[in-house]
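Student: The structure follows.
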Amino acid sequence: MLFKQAELYNVVELVETEDREGFYISRLPSRVRSQINKAADSNALNPCGCEVRFCLVGESATISLRREPALGLTLETGIAEVFHGCFQGSYQSSPQPVGCETVSIVVTKPDQMARLEKIAAQNNHPFDPNVVRVILPYDWKNRLVDIQGDITPPLPSQIPTVRYLAYGSSITHGSCAASPSETYAMRTARLLGADLINMGFAGSAKLDEAMAEYIASRTDWTFASMELGINVLGEWTVEEFEQRADAFTRIMRTCGQERHVFWTDLFTTGQDYEGDSKGDAFRNVIRTKIEASGMPNWHYRSGLELLTSSHGLTVDLVHPSSVGMEDIANQLTAWMKPLVQFL
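Counting in our numbering, the sequence shown runs from 1 upward without gaps.
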């Protein structure tokens with residue numbers, strides 16, 4: 001969507017704050033939010049994978065952001081990043097801390113734009129370096145306070161034509177990644193030359209039917225990945241999970257047979273080193289359903305094959321570290337690239 005001549009990427013609605021001092025950024029339309037579980041409804045306002053994109057006409061532009069109080073649930077400061085196409089901004093501009101007081105991120109034209117343009121063209125960068133990308137903090141609700149400057153939205157020719165949609169838990173959302181651009185989903189998109197549509201929902205990827213309907217109905221994604229199970233491992237029985245997975249996959253069939261969908265389940269967790277069999281039972285549910293689906297472009301791989309080492313875990317033994325995020329992205333890329341012919 002467009003706002004003050006900037007493209008708000010991966011954003012479908014702006015929700016005005018109660019004090020009218022800016023807008024929350026929603027990745028889902030209100031009609032979908034009202035039909036999914038309450039935690040996912042709230043987490044739709046976490047701007048993971050969301051970007052403010054524009055091309056500078058004047059010398060500079062200012063993006064004003066403010067983080068909502070985290071109430072001890074995460075850090076009170078998040079990280080935004082500035083990219084010029086595929087090039088990260090200089091150390092004077094990126095990364096940018098975003099706290100509970102309004103911060104203004106000032107973006108100026110790089111001095112070496114001609115060289116950036118030449119290198120980008122020679123190396124087939126999917127983004128034009130003239131496209132400024134302010135990648136928003138992924139981990140908590142933030143408000144967009146204002147955008148100022150002489151800018152224009154990017155042209156379709158300046159951004160990737162291929163889009164990768166990633167649905168899943170806080171791991172897909174990016175939890176414990178060192179920065180927004182280092183989540184496994186964004187790393188994978190970058191390696192494949194695709195634009196990311198992040199549909200990660202921390203603690204709330206509960207296979208809602210309305211979510212499946214929304215994802216399947218969207219025509220703007222080229223291929224997708226589905227990460228299922230970790231958010232309900234301690235809540236549902238294997239039988240309950242099977243019922244919900246059956247409904248979710250049945251609805252996803254309506255997206256058609258042409259688009260590739262890559263299905264996985266629980267990434268490696270501490271329980272896998274402790275002999276707990278429930279995770280494997282959940283994995284078997286997804287494997288069985290995808291292999292029996294009859295959908296020619298549906299593919300399955302166990303999460304154990306995507307996060308391959310205990311070195312990739314954080315101390316909670318659930319979320320991947322930056323090392324783990326890199327591992328997942330590399331494994332996904334090696335899996336996806338031979339199957340999706342235009343990558």
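For every residue, glycine included, the Cβ atom is placed at its ideal position computed from N, Cα and C.
All figures in this text were calculated on a predicted structure; none of them were measured in a lab.
For the alpha helix (DSSP H) that contains Met-211, what are its first and last residues?
Tutor: Here residue 211 is taken as the residue at index 211 of the sequence shown, counted from 1. Met-211: member of the alpha helix (DSSP H) spanning 209–217, first to last residue.
Student: Within 10 angstroms of its Cβ, does Met-325 collect 16 or more other Cβ (buried), or is it exposed?
Tutor: As a working mapping, residue 325 is identified with position 325 in the sequence shown. Answer is buried; the Cβ neighbour count reaches 16.
Student: Do you know how far the Cα of Arg-190 is from the Cα of Ile-151?
Tutor: Looking up residue 151 in the sequence shown gives position 151. Looking up residue 190 in the sequence shown gives position 190. If you take the alpha carbons of Ile-151 and Arg-190, they lie about 25 Å apart.
Student: Relative to the C-alpha of Cys-48, which candidate in Phe-54, Ala-40 and Ser-93 has its C-alpha closest?
Tutor: Walking along the sequence shown from the start, residue 48 turns up at place 48. Ranking the options by Cα distance to Cys-48, first place goes to Ala-40.
Student: Less than 7 Å between C-beta atoms, sequence neighbours within five positions excluded: which residues of the same chain meet that for Thr-108?
Tutor: The residue labelled residue 108 in the question sits at position 108 within the sequence shown. For Thr-108, where only same-chain residues beyond five positions count, the Cβ hits under 7 Å are Glu-59 and Ser-60.
Student: Considering only residues of the stretch 88–141, which uninterrupted beta strand (DSSP E) runs meet the minimum length of 3 residues and lie entirely inside it, listed in chain order?
Tutor: 96–98, 103–108 and 131–135
Student: Using the beta-carbon count (16 or more within 10 Å), is His-319 buried or exposed?
Tutor: Numbered from its first residue, the sequence shown carries residue 319 at position 319. Buried, since its Cβ has 16 or more Cβ neighbours within 10 Å.
Student: Please say whether Ala-224 and Leu-165 have beta carbons closer to each other than 7 Å?
Tutor: On the sequence shown, position 165 is the one that residue 165 refers to. On the sequence shown, position 224 is the one that residue 224 refers to. Yes, the pair counts as a contact, with Cβ atoms nearer than the cut-off.
Student: Apart from the five residues on each side of it in sequence, which residues of its chain come closer than 6 Å, Cβ to Cβ, to Cys-86?
Tutor: As a first step, residue 86 must be located in the sequence shown, where it is residue number 86. Excluding positions up to five away in sequence, the list reads His-125 and Phe-127.
Student: At what residue ranges does the stretch 145–186 contain a whole run of the beta strand (DSSP E), taking only runs of 3 or more?
Tutor: 163–168
Student: Can at least three beta-carbon pairs, one atom from the stretch 191–199 and one from the stretch 275–283, be found at a separation below 8 Å?
Tutor: no
Student: With three or more beta-carbon pairs closer than 8 Å as the criterion, would you say the stretch 6–14 touches the stretch 51–58?
Tutor: Judged by pairs of C-beta atoms under 8 Å, the stretch 6–14 touches the stretch 51–58, as three or more such pairs exist.
Student: With distance defined between alpha-carbon atoms, name the residue in Gln-158, Ala-216 and Ser-175 nearest to Ala-247.
Tutor: Position 247 of the sequence shown, counted from the first residue, corresponds to residue 247. The shortest C-alpha separation from Ala-247 is found at Ala-216.
Student: Looking only at DSSP bridge pairs, what is Ser-309 linked to?
Tutor: Position 309 of the sequence shown, counting from 1, holds the residue named residue 309. Note: Ser-309 sits in no beta bridge, so no partner.
Student: Can you grab the Cα-Cα spacing for the pair Ser-104 / Val-57, in whole Å?
Tutor: In the sequence shown, counting from the first residue as 1, residue 104 sits at position 104. In the sequence shown, counting from the first residue as 1, residue 57 sits at position 57. Between Ser-104 and Val-57, the C-alpha separation is close to 19 Å.
Student: If we count the other Cβ atoms within 10 Å of its Cβ and call it buried at 16 or more, is Asp-220 buried or exposed?
Tutor: Along the sequence shown, read from residue 1 onward, the residue named residue 220 stands at position 220. With fewer than 16 other Cβ atoms within 10 Å, it is exposed.
Student: Output yes or no for whether 7 Å exceeds the beta carbon distance between Gly-312 and Asp-265.
Tutor: The count along the sequence shown starts at 1 and reaches residue 312 at position 312. The count along the sequence shown starts at 1 and reaches residue 265 at position 265. Contact annotation: Gly-312 and Asp-265 have beta-carbon atoms that are not nearer than 7 Å.
Student: Note down the Cα distance separating Gln-331 from Leu-306, rounded to an integer number of angstroms.
Tutor: Your numbering for residue 331 matches position 331 in the sequence shown. Your numbering for residue 306 matches position 306 in the sequence shown. Straight-line Cα distance between these residues: approximately 5 Å.
Student: Closer than 8 Å by C-beta to Arg-283: which residues in its own chain qualify, once you throw out the five before and the five after it? Chain order, please.
Tutor: In the sequence shown, the residue the question calls residue 283 occupies position 283. Within the same chain, and ignoring the five residues on either side of Arg-283 in sequence, the residues whose Cβ sits closer than 8 Å to its Cβ are Gly-229, Asp-265, Leu-266, Ser-302, Gly-303 and Leu-304.
Student: According to DSSP, is Ser-225 helix, strand or coil?
Tutor: To locate residue 225, count along the sequence shown from 1; it is residue 225. In the structure shown, Ser-225 sits in a strand (DSSP, three-state: E or B).
Student: Assign Glu-18 to one of three DSSP states: helix, strand, or coil.
Tutor: Locating residue 18 in the sequence shown gives position 18, where the first residue counts as 1. If DSSP states are grouped into helix, strand and coil, Glu-18 belongs with coil.
Student: Are Thr-308 and Thr-188 touching if we call contact CB-CB under 7 Å?
Tutor: Along the sequence shown, one-based indexing puts residue 308 at 308. Along the sequence shown, one-based indexing puts residue 188 at 188. Their beta carbons are not under 7 Å apart, which means Thr-308 does not touch Thr-188 by this criterion.
Student: Roughly how many angstroms lie between the CA atoms of Ser-179 and Ala-281, to the nearest whole one?
Tutor: What you label residue 179 is simply residue 179 of the sequence shown in a count that begins at 1. What you label residue 281 is simply residue 281 of the sequence shown in a count that begins at 1. A direct Cα-to-Cα measurement between Ser-179 and Ala-281 gives close to 33 Å.
Student: Near Thr-268, which residues of its chain fall below 6 Å by C-beta distance, leaving aside the five closest residues on each side in sequence?
Tutor: Along the sequence shown, read from residue 1 onward, the residue named residue 268 stands at position 268. Excluding sequence neighbours, Thr-268 sits near Leu-304 and Leu-307.
Student: Can you tell me which of Gln-92, Ile-286 and Gln-96 puts its alpha carbon nearest to the alpha carbon of Thr-77?
Tutor: Working through the sequence shown from its first residue, we reach residue 77 at position 77. Closest by alpha carbon: Gln-96.
Student: For Arg-27 and Val-12, which I take to be in contact (beta-carbon distance under 8 Å), what is that distance rounded to the nearest angstrom?
Tutor: In the sequence shown, the residue the question calls residue 27 occupies position 27. In the sequence shown, the residue the question calls residue 12 occupies position 12. Under the criterion of beta carbons closer than 8 Å, Arg-27 and Val-12 qualify as touching, at roughly 6 Å.
Student: Are the CB atoms of Lys-206 and Val-232 within a distance shorter than 7 Å?
Tutor: Here residue 232 is taken as the residue at index 232 of the sequence shown, counted from 1. Here residue 206 is taken as the residue at index 206 of the sequence shown, counted from 1. Yes; because the gap between Cβ atoms is below 7 Å, this pair is in contact.
Student: Out of Cys-100, Gly-99 and Val-82, which one is the CA nearest neighbour of Gln-92?
Tutor: Against the sequence shown, residue 92 aligns to sequence position 92. Out of Cys-100, Gly-99 and Val-82, Val-82 has the C-alpha closest to the C-alpha of Gln-92.
Student: Over what stretch of residues does the alpha helix (DSSP H) that includes Ser-42 continue unbroken?
Tutor: Reading the sequence shown from its first residue, position 42 is the one you call residue 42. Where Ser-42 is concerned, the enclosing alpha helix (DSSP H) stretches over 38–43.
Student: State the Cα-Cα distance for the pair Thr-17 and Ser-42, rounded to the nearest angstrom.
Tutor: Sequence index remark: in the sequence shown, residue 17 carries index 17 (1-based). Sequence index remark: in the sequence shown, residue 42 carries index 42 (1-based). Roughly 14 Å separates the two Cα atoms.
Student: Given that a residue counts as buried once 16 or more other Cβ atoms are within 10 Å of its Cβ, and exposed if not, what is Leu-136?
Tutor: Walking along the sequence shown from the start, residue 136 turns up at place 136. Leu-136 is buried by the Cβ-count criterion.
Student: Looking at the unbroken alpha helix (DSSP H) that takes in Asp-246, where does it start and where does it end?
Tutor: Here residue 246 corresponds to residue number 246 of the sequence shown, with the count starting at 1. Counting along the chain, the alpha helix (DSSP H) containing Asp-246 begins and ends at 238–252.
Student: I need the boundaries of the alpha helix (DSSP H) containing Val-390, first residue and last residue.
Tutor: The displayed coordinates of the chain run from 1 to 343. Any statement about residue 390 would go beyond what the structure contains.
Student: Quick one: using the 10 Å Cβ neighbour count with 16 as the cut-off for buried, is Cys-100 buried or exposed?
Tutor: For the purposes of this step, residue 100 is taken as the residue at position 100 of the sequence shown. Exposed is the call here.
Student: Would you tell me roughly how many angstroms separate the C-alpha atoms of His-84 and Gly-203, rounded to the nearest one?
Tutor: The residue you call residue 84 lines up with position 84 of the sequence shown. The residue you call residue 203 lines up with position 203 of the sequence shown. Cα-Cα distance, rounded: 32 Å.
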